[in-house]
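Enquirer:
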Amino acid sequence: DAKTTQPPSMDCAEGRAANLPCNHSTISGNEYVYWYRQIHSQGPQYIIHGLKNNETNEMASLIITEDRKSSTLILPHATLRDTAVYYCVLLRYGQNFVFGPGTRLSVLP
Amino acid sequence: GAGVSQTPSNKVTEKGKYVELRCDPISGHTALYWYRQSLGQGPEFLIYFQGTGAADDSGLPNDRFFAVRPEGSVSTLKIQRTERGDSAVYLCASSLWGRGGETQYFGPGTRLLVL
Numbered sequence: 001d002a003k004t005t006q007p008p009s010m011d012c013a014e015g016r017a018a019n020l021p022c023n024h025s026t027i028s029g030n031e032y033v034y035w036y037r038q039i040h041s042q043g044p045q046y047i048i049h050g051l052k053n054n055e056t057n058e059m060a061s062l063i064i065t066e067d068r069k070s071s072t073l074i075l076p077h078a079t080l081r082d083t084a085v086y087y088c089v090l091l092r093y094g095q096n097f098v099f100g101p102g103t104r105l106s107v108l109p
Numbered sequence: 001g002a003g004v005s006q007t008p009s010n011k012v013t014e015k016g017k018y019v020e021l022r023c024d025p026i027s028g029h030t031a032l033y034w035y036r037q038s039l040g041q042g043p044e045f046l047i048y049f050q051g052t053g054a055a056d057d058s059g060l061p062n063d064r065f066f067a068v069r070p071e072g073s074v075s076t077l078k079i080q081r082t083e084r085g086d087s088a089v090y091l092c093a094s095s096l097w098g099r100g101g102e103t104q105y106f107g108p109g110t111r112l113l114v115l
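The listed protein sequences correspond, in order, to chains A and B. Take the working numbering: the last position of the first sequence gets the number 109, and nothing is skipped along the way. Take the working numbering: the last position of the second sequence gets the number 115, and nothing is skipped along the way.
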């Protein structure tokens with residue numbers, strides 16, 4: 001079973017920030033938080049990952065709470081092309097991803 | 001550089017037939033993963049290679065499924081006596097060393113349909 005829980009779906013207006021939450025209350029100290037997204041009929045695309053600190057790259061920002069029990073992926077200016085299923089997954093050394101059903105984000109014009 | 005590639009992109013076969021699915025990882029990546037994704041669900045782990053050896057095959061559903069990576073680069077997922085329930089998208093991913101904190105890069109997948 002996936003160790004993360006996410007809302008099944010969310011809507012966001014084009015041009016606004018999309019904030020996607022993820023709960024991982026049983027996360028271990030050596031587990032990283034990863035975010036991937038999957039656009040219809042494509043393979044999952046890496047977005048960002050982090051361990052303890054907040055992270056930012058050209059695609060998104062990742063905010064991890066101090067207790068590491070939850071995180072939020074932020075797409076600062078959502079576009080229609082950001083419509084996808086977003087997966088929050090945990091990973092530690094020598095293990096594989098365990099994906100849940102993710103959050104289906106719909107960016108509306 | 002080139003990403004993970006998978007061939008064929010689509011495969012239609014009949015129940016009971018044998019199929020092979022191929023994955024070309026990113027050059028230099030020692031870790032390779034196979035996942036299976038059914039409609040409306042997230043990817044499900046099948047097997048993980050570290051170099052030529054299978055480091056974890058706990059996700060293979062039964063002995064009809066087998067995977068090899070003889071030279072530590074290209075991998076082939078083999079399914080014997082296919083069943084309709086094997087219909088899914090088979091995804092391959094690779095990472096540099098297979099360590100925590102690394103990114104797994106996914107290929108586009110092979111869509112398998114068993115009639």
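Cβ atoms here follow ideal geometry from the backbone N, Cα and C, with glycine treated the same way.
Let me know the secondary structure DSSP gives Gly85(B) once reduced to three states.
Expert: Along the second sequence, one-based indexing puts residue 85(B) at 85. Of the three classes helix, strand and coil, the one that applies to Gly85(B) here is helix, per DSSP.
Enquirer: If we cut at 8 Å on Cβ distances, does Asn57(A) have a partner in chain B?
Expert: What you label residue 57(A) is simply residue 57 of the first sequence in a count that begins at 1. No, Asn57(A) does not count as interfacial toward chain B.
Enquirer: Determine the chain A residues that contact Leu91(B) at a beta-carbon separation under 7 Å, and present them in chain order.
Expert: The residue given as residue 91(B) occupies position 91 in the second sequence. Result: Gly43.
Enquirer: Going by DSSP, which residues form a beta bridge with Met112(A)?
Expert: There is no way to answer for residue 112(A), as the model of chain A reaches only from 1 to 109.
Enquirer: Considering Ser71(A), what are the terminal residues of the beta strand (DSSP E) in which it resides?
Expert: Taking the first residue of the first sequence as 1, we reach residue 71(A) at position 71. Start and end: Ser70 to Leu75.
Enquirer: Name the chain B residues that come within less than 8 Å of Pro76(A), Cβ to Cβ?
Expert: If you number the first sequence from 1, residue 76(A) lands on position 76. The premise fails here: Pro76(A) is roughly 21 Å from chain B at the closest Cβ pair, so nothing lies under 8 Å.
Enquirer: Which full runs of the beta strand (DSSP E) of 3+ residues lie inside the stretch 47-74 of chain B, going along the chain?
Expert: Entirely contained in the stretch 47-74 of chain B, the beta strand (DSSP E) runs reaching 3 residues are, in chain order, 53-56 and 65-68.
Enquirer: Where does the unbroken beta strand (DSSP E) through Ser61(A) begin, and where does it stop?
Expert: Taking the first sequence and counting its residues from 1, one reaches residue 61(A) at position 61. Element bounds for Ser61(A): Ser61 to Ile64.
Enquirer: So with CB distances below 8 Å, who are the chain A contacts of Asp24(B)?
Expert: Here residue 24(B) is taken as the residue at index 24 of the second sequence, counted from 1. Going along chain A, no residue has its Cβ under 8 Å from Asp24(B), so there is no contact; the nearest lies around 13 Å.
Enquirer: Which class does Asp24(B) belong to by DSSP, given the choice of helix, strand or coil?
Expert: Taking the second sequence and counting its residues from 1, the one referred to as residue 24(B) is at position 24. Here Asp24(B) sits in strand by DSSP.
Enquirer: Pull the bridge partners of Gln37(B) from the DSSP assignment, please.
Expert: Mapped onto the second sequence, residue 37(B) falls at position 37. DSSP output for Gln37(B) lists Val89(B) as bridge partner(s).
Enquirer: Closer than 7 Å, Cβ to any Cβ of chain A: which residues of the stretch 49-61 of chain B, in chain order?
Expert: If the cut-off is 7 Å between Cβ atoms, the stretch 49-61 of chain B has Asp56 near chain A.
Enquirer: Leu32(B) to Ala93(B), Cα distance in whole Å?
Expert: The residue labelled residue 32(B) in the question sits at position 32 within the second sequence. The residue labelled residue 93(B) in the question sits at position 93 within the second sequence. Each residue's alpha carbon lies about 6 Å from the other.
Enquirer: Spatial neighbours of Ala13(A) within its chain, please: CB distance less than 6 Å, with the 5 preceding and 5 following residues excluded, ordered by chain position.
Expert: Counting from one through the first sequence, the residue named residue 13(A) turns up at place 13. Cβ neighbours of Ala13(A) beyond the five flanking positions: Leu108.
Enquirer: Return the residues of the stretch 95-109 of chain A that lie within a Cβ-Cβ distance of less than 9 Å from chain B, sorted by chain order.
Expert: Gln95, Asn96, Phe97, Val98, Phe99, Gly100, Pro101 and Gly102
Enquirer: On the criterion of 16 or more Cβ atoms from any shown chain inside 10 Å, does Tyr18(B) qualify as buried, or is it exposed?
Expert: Here the question's residue 18(B) lines up with position 18 in the second sequence. Counting Cβ neighbours within 10 Å, Tyr18(B) comes out exposed, since fewer than 16 surround it.
Enquirer: Which residue comes first and which comes last in the beta strand (DSSP E) that contains Arg16(A)?
Expert: Locating residue 16(A) in the first sequence gives position 16, counting from the first residue. No beta strand (DSSP E) contains Arg16(A), which DSSP labels as neither H nor E.
Enquirer: Is DSSP giving Arg37(A) helix, strand or coil here?
Expert: If you number the first sequence from 1, residue 37(A) lands on position 37. Arg37(A): strand per DSSP, three-state reduction.
Enquirer: Can you grab the Cα-Cα spacing for the pair Val74(B) / Gln38(A), in whole Å?
Expert: Taking the second sequence and counting its residues from 1, the one referred to as residue 74(B) is at position 74. Taking the first sequence and counting its residues from 1, the one referred to as residue 38(A) is at position 38. Cα-Cα distance, rounded: 24 Å.
Enquirer: Using a 10 Å radius around the Cβ and a threshold of 16 neighbouring Cβ atoms, would you call Ser71(A) buried or exposed?
Expert: Your numbering for residue 71(A) matches position 71 in the first sequence. Looking at its Cβ environment, which holds 16 or more other Cβ atoms inside 10 Å, Ser71(A) is buried.
Enquirer: If I follow the unbroken beta strand (DSSP E) through Lys11(B), where does it start and stop?
Expert: Walking along the second sequence from the start, residue 11(B) turns up at place 11. Note, Lys11(B): beta strand (DSSP E), Asn10 to Thr13.
Enquirer: Between the alpha carbons of Gln118(B) and Thr7(B), how many angstroms are there, rounded?
Expert: In the structure displayed, chain B extends from 1 to 115; residue 118(B) sits before or after that span and is not available.
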